[in-house]
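These notes concern the structure reproduced below.
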Ligand code: PEP
Ligand code: MG
C-alpha cells in the first residue's frame, strides 16, 4: 500500500488474489471470486452459503445457479437478506454470457436474458413498488398475533447475519427465535475467540432487550460454511460430523462459545439452543459442560444469568420420537423442519433432482410435529418452529392447532404472518 509506484501498488491486489486462491486450495474451499463492478448478478453452477456471505460485501443484487434447491442454506440466506436467487435455472444457464444484462423474477423463478427497454422499465417499476410496500409495512402499527379463538402466537425473526439486525429492528417482531451462530463468523479465517464471540452476541442481546434472543450454538458441518475446522471427507456429510456432535468432541471450542454466550446473558434476554441433538445422553453432557463453564465464570468473577433458558432443535425423527424424554431436560423445543423433512423422508434438502419428494405436508412430518408438541405440552415447556415450514401459510392453522406457540421466520415475512394469524 505504501509503494510510491502506482503500478506496483496495484499489483498488491494480484498478490492478495493469489493468497486467497492458495488458501482456498489448501483448505479445499471454492475458488475466490473477484468483483470489481457494482450492481452485479452472480451466475454459477452452484452457489454455496459461503459464497453468499463472501459476496454480500460487494452489494450483489442477485444470484443464479444451475443446480440447487429452495430449501438449501444458500436459498435461505438469500431469502432472509431479500436478495433474489434463482436456482435450477437449468435451461437459461447455458445461454448467459458474462457482462449481459439480466432480469431475475424471484417470484416466478424466471431469468430474462438481455431484456428489452420496456421490460427493464416494467421490472424497475415493480422493484420500486415492492420497496415502497416494505417501507410502508415498517410504519404500520404493532399487532399481537392472536387467532379468533384467542390463541396468541409469538412471531419471531430468524437471523443469519449481523447485517440483519437493523432489518429486524424495523419489524413488528416478538423476539429473535433463531440466530444461526455459525453464519456470524462465516468470513473468519480462524475460530473466533471468546471476546470476538462475546462482543457479537452482546450486540444482539442489547439491541433487542427485553425481547428474547435465541442463539443456536455452532451447527457446522454438512452444507454450512466453515473456514476454520477441517473435516475428513465424508460420504454422507448430512449424516456425519455436524452440529452438536462437533461441539461435544471439540469440548474446549464449545466451552469458549458457551462462556461468551453466558457472559452475554447477563446483559439481556438470551436463550441458548443446541442443534442436531439426538439423545438424552447428549443433553446430559451439554449440561455438565455448562456447569463447568459457569463454575469458571464464577471463579473469574464474570457475570452471567443463571436462569438462562436452554432449548433443543427438534430436527431429526429420532429427536421427535424421544421428545417426551428430551422435554424433561430443557426449557423449550424449536422444531427445525428443514432438516426434519430431509431426515424423515430421506430427501437431501440441497438436491434439486428430488425436490418434488421434499414434502412439508407429508403425513410422517405431521405426526412427528404433533408428537413433539404433545410431549412439550405434557412437560409444560414451550414449543417453537424455526424451519421454513413456519412461513407456509397453507400449514399455519394446522401448526397452531398442534400446539406450536412461536414461529420464527425470515424478518420480511413477520408482518404477513401476524396478519394471517389474526384471520384464523
Ligand atoms: C432446520 O433444520 O429447520 C433449521 C432451522 O436449521 P438449519 O436450516 O440451519 O439447518
Ligand atoms: Mg437444521
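Numbering (the working numbering), first residue to last: 61 to 484.
Where is the CB? At the ideal position from N, CA and C, for every residue including glycine.
**Backbone CA spacing between residue 233 and residue 204 [nearest angstrom]** = Annotation: residue 233 to residue 204 spans about 9 Å, alpha carbon to alpha carbon.
**Prompt:** In the DSSP assignment, what are the bridge partners of residue 331?
**Reply:** The partner list for residue 331 (beta bridge, DSSP) reads 274.
**Asked** Residues bridged to residue 122 by DSSP?
**Response** DSSP lists 101 as partners of residue 122.
**Request:** Evaluate residue 182 with the Cβ neighbour count: other Cβ atoms within 10 Å of its Cβ, from every protein chain shown; 16 or more gives buried, anything less gives exposed.
**Result:** Residue 182 should be labelled exposed.
**Prompt:** Between the Cα of residue 104 and the Cα atoms of 97, 146, 63, which residue gives the shortest distance?
**Reply:** Looking at the Cα atoms, 146 is the closest of the given residues.
**ligand 1 heavy atom lying under 6 Å from the CB of residue 397** = The answer is yes for residue 397.
**Request:** Round the Cβ separation of residue 388 and residue 439 to the nearest angstrom and send it over; I've been treating them as touching at under 8 Å.
**Result:** Indeed they touch by this definition, with Cβ atoms about 6 Å apart.
**Request:** For residue 397, collect the residues of the same chain with a Cβ closer than 6 Å to its Cβ; drop the 5 residues on either side in sequence, then sort them by chain order.
**Result:** Within the same chain, residue 397 has close Cβ partners 447, 449.
**Asked** Just reading off the beta strand (DSSP E) that residue 466 is part of, what are its end residues?
**Response** 466-469 is the span of the beta strand (DSSP E), which, as asked, contains residue 466.
**Item:** Segment contact flag, the region 398-417 with the region 202-218, C-beta cutoff 8 Å, min 3 pairs
**Value:** Judged by Cβ distances under 8 Å, the region 398-417 makes no contact with the region 202-218, as fewer than three pairs qualify.
**Buried or exposed by the 16-neighbour rule on C-beta atoms within 10 Å, applied to residue 141** = When all chains shown are included, residue 141 counts as buried.
**Message:** For the beta strand (DSSP E) containing residue 350, name the first residue and the last one.
**Reply:** Where residue 350 is concerned, there is no enclosing beta strand (DSSP E), although the alpha helix (DSSP H) it sits in stretches over 340-360.
**Prompt:** In chain order, what residues of the same chain lie with their CB nearer than 8 Å to the CB of residue 106, ignoring the 5 residues before and after it?
**Reply:** The answer, listed in chain order, is 125, 126, 127, 128.
**Message:** So, with DSSP's three-state summary, where would you put residue 223?
**Reply:** In this structure, residue 223 counts as coil in the three-state DSSP scheme.
**Request:** Please list the segments of the beta strand (DSSP E) lying wholly inside the region 353-405, counting only runs of 3 or more residues, in order along the chain.
**Result:** Uninterrupted beta strand (DSSP E) stretches at least 3 residues long and entirely within the region 353-405 occur at 370-374, 392-395, given in chain order.
**Item:** Minimum C-alpha distance to residue 334 - residue among 472, 371, 245, 360
**Value:** Among 472, 371, 245, 360, the Cα nearest to that of residue 334 is on 371.
**Prompt:** With respect to 6 Å, is the separation between the Cβ of residue 375 and the closest non-hydrogen atom of ligand 1 below this value?
**Reply:** Because some heavy atom of ligand 1 lies under 6 Å away, the Cβ of residue 375 counts as near it: yes.
**Asked** Heavy atom of ligand 3 less than 6 Å from the Cβ of residue 447, yes or no?
**Response** You won't find ligand 3 in this model; what it holds is ligand 1 and ligand 2.
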